[in-house]
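K.L.:
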Amino acid sequence: MAKVLMKGNEAVGKAAIEAGCRFFFGYPITPQSEVPEYLSSELPKVGGTFVQAESEVAAINMVYGAAAAGARVLTSSSSPGIALKQEGIGYISNASLPAVIINMMRGGPGLGTIQPGQADYNMAVKGGSNGDYHNVVLAPASVQEAVDMVMDAFDIADMYGTPVIVLADGLIGQMMEPVEFNYVPRKGIPEKTWALTGKGDGERHVVKNLVIDPDDCEQWNHEHFEAYEKILANEQAWEEYLLDDAEYAFVSYGTASRVVRTAIGYLRAEGYKIGMLRPKTLWPFPQKAFEKVDGHIKKYLDIEMSMGQMMPDVAYACNDKNKVVFHGRTGGNVPTVDEVVEFAKKIMGGDK
Amino acid sequence: MSTFSTIFAGFGGQGALSMGKILAYAAMLEGKEVSWCPSYGPEMRGGTANVNVIVSDEGIGSPVITKDADCVVALNKPSLDKFVDIVADGGALVINSDLAELADGQAKAGVKVYNVPANKMAAEAFGGSKLANLIMLGAVVYATNPIKVESIDDAFTHVFEGGKAKFIPDNKKAFEMGYEFAKNNA
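Line by line, the protein sequences give chains A and B. Counted from 1, the first sequence has number 166 at position 166 by this note's numbering; the numbering is strictly sequential. Counted from 1, the second sequence has number 49 at position 49 by this note's numbering; the numbering is strictly sequential.
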């Protein structure tokens with residue numbers, strides 16, 4: 001398929017359709033409103049269903065229902081709207097149901113600003129709902145990667161029975177880049193034998209959330225964590241950029257990592273041995289990447305569009321909090337190449 | 001590595017974002033990497049609008065241009081004042097001279113300046129200012145050479161699809177007018 005120039009928000013909508021998603025429930029919010037706008041016109045053309053719900057809370061519960069019925073289902077929003085969906089995400093997680101949630105993050109907290117941000121890291125990665133659970137969190141850094149990750153998110157959700165969050169930001173949603181859509185389903189996606197499709201003459205299926213007996217509830221939790229163990233083992237993903245000879249490594253994801261990539265060009269031109277470890281999955285955090293490169297890295301320079309929410313994970317992954325330093329912008333601002341270059345030089349102190 | 005970065009800036013409604021899109025499309029059809037990154041926000045007709053377009057032979061880092069722009073296209077005076085300082089040494093500044101004038105010493109010494117009376121030219125040829133942006137785009141392509149001129153035709157056929165195809169001849173003419181103007185006044 002030839003490449004087309006598409007806005008991130010529209011491209012992720014098309015990616016969902018290509019991956020077989022036929023249900024979308026959502027509510028508009030800047031900077032992701034083109035996702036529902038696009039799907040409102042495109043889903044009906046393929047026999048799908050688009051509902052603009054009365055609220056984000058209603059939308060995520062419609063997702064819960066469609067997922068229980070065995071559908072591939074999507075919702076999308078931006079930060080404050082995703083905050084409203086947290087209860088429902090926890091319920092979907094507890095019921096071990098597959099669903100895909102796209103968050104085009106903006107500056108927060110609260111209503112914040114409509115400009116891009118990455119300050120929902122904790123909400124997505126640590127979980128904004130109650131109970132012991134994890135979301136799988138994928139972090140694209142380009143429109144093409146957002147497309148690929150949305151497609152894969154449906155497969156991951158079906159493989160492990162879990163909600164998957166695609167955590168991008170307003171800039172990736174608003175930006176146009178060339179994209180192509182090549183969905184190849186993963187092998188081994190289980191059949192949804194548990195789906196609520198109407199008993200008829202068949203067997204009775206139940207999807208439930210209340211597990212009133214503590215021993216039973218604990219057992220549920222253990223079953224969830226068996227799936228998480230598999231995800232931790234199988235799904236860690238990252239990019240190593242110019243790390244082979246590096247003595248310093250930026251750690252950055254999404255839009256911030258794009259700025260870092262340009263900054264590395266300037267720093268390398270001056271002879272600094274610096275590269276980047278870019279997490280593509282935030283949960284599972286790419287622990288294996290750190291185990292691989294840690295021997296020759298003196299410092300990790302964490303660059304984010306937040307006040308440093310990823311730092312504890314970087315410190316845990318490299319097992320040395322003294323090796324982790326942070327620079328970030330927040331509230332809707334994107335770090336500039338100059339400030340990243342300056343910060344790195346300050347940390348490296350002329351160490352080439 | 002060859003990378004070309006440009007900011008198109010003007011009032012909302014002047015067509016800064018569309019001219020950026022046509023350039024991005026043309027470059028993509030040449031097989032290049034491109035990014036088209038707009039300012040977005042509570043903006044309206046008459047407010048400011050700008051887009052950062054990067055064309056590259058390899059993967060693009062920051063889609064936001066904050067330094068060393070190879071070209072800045074200023075469709076009005078506020079845009080000129082806002083972005084004049086981030087043009088790289090040896091870069092180009094393409095100004096709609098009907099709506100913006102460079103003050104003495106405002107541009108760095110190594111910057112090539114192109115003043116294009118795009119509104120006047122559009123009014124004479126088309127009876128209005130609508131295609132001033134395509135005139136400016138023609139001047140930009142001559143001044144900075146980020147794509148082959150022929151690729152613009154391919155871009156037009158993608159950007160103006162179906163019922164919009166009737167707009168292609170005037171857009172093409174406007175583009176050529178700007179290209180020729182820059183060539184003759186360089």
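Even glycine gets a Cβ: it sits at the ideal position worked out from N, Cα and C.
Pick out the complete beta strand (DSSP E) segments inside the segment 251-306 of chain A, 3 residues or longer, and give them in chain order.
P.N.:
274-279, 281-283 and 299-304
K.L.:
Could you have a look at B/MET1 and say whether DSSP puts it in helix, strand or coil?
P.N.:
In this prediction, B/MET1 has a pLDDT of 48, which is less than 50 and means its spatial position is unreliable; nothing more can be read from the coordinates.
K.L.:
Taking the alpha-carbon of B/LEU75 as reference, which of B/TRP36, B/SER39, B/GLU124 and B/MET19 has the nearest alpha-carbon?
P.N.:
B/MET19
K.L.:
Hey, quick one: how far does the beta strand (DSSP E) through A/GLY328 stretch, first residue to last?
P.N.:
324-328
K.L.:
Between the alpha carbons of A/ALA58 and A/VAL211, how many angstroms are there, rounded?
P.N.:
Each residue's alpha carbon lies about 23 Å from the other.
K.L.:
Decide if A/PRO286 is buried, meaning its Cβ has at least 16 other Cβ atoms within 10 Å, or exposed.
P.N.:
Its Cβ being crowded by 16 or more others within 10 Å, A/PRO286 is buried.
K.L.:
Between B/MET1 and the rest of its own chain, which residues show a CB-CB distance below 8 Å, the 5 nearest in sequence each way excluded?
P.N.:
Here B/MET1 scores only 48 on pLDDT, less than 50, and its place in the model is too uncertain to base an answer on.
K.L.:
So, do the segment 274-285 of chain A and the segment 248-261 of chain A have three or more beta carbon pairs nearer to each other than 8 Å?
P.N.:
yes
K.L.:
Report yes if the CB atom of A/LEU232 is closer than 8 Å to the CB atom of A/VAL293, and no otherwise.
P.N.:
no
K.L.:
What would DSSP say about A/ILE114, mapped onto helix, strand or coil?
P.N.:
coil
K.L.:
Taking Cβ to Cβ, would you say B/GLU176 is nearer than 8 Å to B/GLY138?
P.N.:
Judged by their CB atoms, B/GLU176 and B/GLY138 are nearer to each other than the 8 Å cut-off.
K.L.:
Nearest to A/HIS134 by CA position, among A/GLY331, A/TYR183, A/SER93 and A/LEU167, is which residue?
P.N.:
A/SER93
K.L.:
Residues of chain B with CB closer than 8 Å to the CB of A/LYS3, please, in chain order.
P.N.:
MET28
K.L.:
Would a check of beta-carbon distances place B/ALA123 closer than 8 Å to chain A?
P.N.:
Judged by the 8 Å Cβ criterion, B/ALA123 is not in contact with chain A.
K.L.:
Could you check how far apart the C-beta atoms of B/SER151 and A/MET175 are, in whole angstroms? I think they sit under 8 Å.
P.N.:
The pair is not a contact, with the Cβ atoms about 21 Å apart (cut-off 8 Å).
K.L.:
Output needed for A/MET151: all residues of its chain with C-beta closer than 6 Å, excluding positions within five of it in sequence on either side, in chain order.
P.N.:
The residues ALA15, ALA19 and TYR183, in chain order, have a CB closer than 6 Å to that of A/MET151 in the same chain once the five nearest residues on each side in sequence are set aside.
K.L.:
So that I know if they touch, is there some Cβ in chain A lying closer than 8 Å to that of B/GLY41?
P.N.:
Taking Cβ atoms only, chain A reaches closer than 8 Å to B/GLY41, which makes this a yes.
K.L.:
For the alpha helix (DSSP H) that A/GLN86 lies in, which residues bound it at each end?
P.N.:
86-94
K.L.:
Beta carbon of B/ALA182, beta carbon of B/VAL84: below 8 Å?
P.N.:
no
K.L.:
For the segment 322-340 of chain A, enumerate the residues whose C-beta is nearer than 8 Å to any C-beta of chain B, in chain order.
P.N.:
VAL334, THR336, VAL337 and ASP338
K.L.:
Taking C-alpha atoms, which residue in B/GLY41, B/GLY13 and B/MET28 lies nearest to A/GLY332?
P.N.:
A/GLY332 has its Cα closest to that of B/GLY41, out of B/GLY41, B/GLY13 and B/MET28.
K.L.:
Would A/VAL325 pass as a contact of A/ASP351 if the rule is Cβ separation under 8 Å?
P.N.:
no
K.L.:
List, in chain order, every chain B residue whose beta-carbon is nearer than 7 Å to that of A/PRO178.
P.N.:
MET28 and VAL34
K.L.:
Do you know how far the Cα of A/GLY13 is from the Cα of B/CYS189?
P.N.:
Because chain B is modelled from 1 through 186, residue 189 of chain B falls outside the range shown and cannot be assessed.
K.L.:
Sort B/GLY61, B/ASN184 and B/ILE168 by Cα distance to B/ILE22 and report the nearest one.
P.N.:
Nearest option by C-alpha distance: B/ILE168.
K.L.:
Considering only the alpha carbon of each residue, which of A/LYS3, A/GLU34 and A/HIS224 lies closest to B/GLU33?
P.N.:
A/LYS3
K.L.:
I need the straight-line Cα distance from A/ILE189 to A/ASP155, nearest angstrom please.
P.N.:
7 Å
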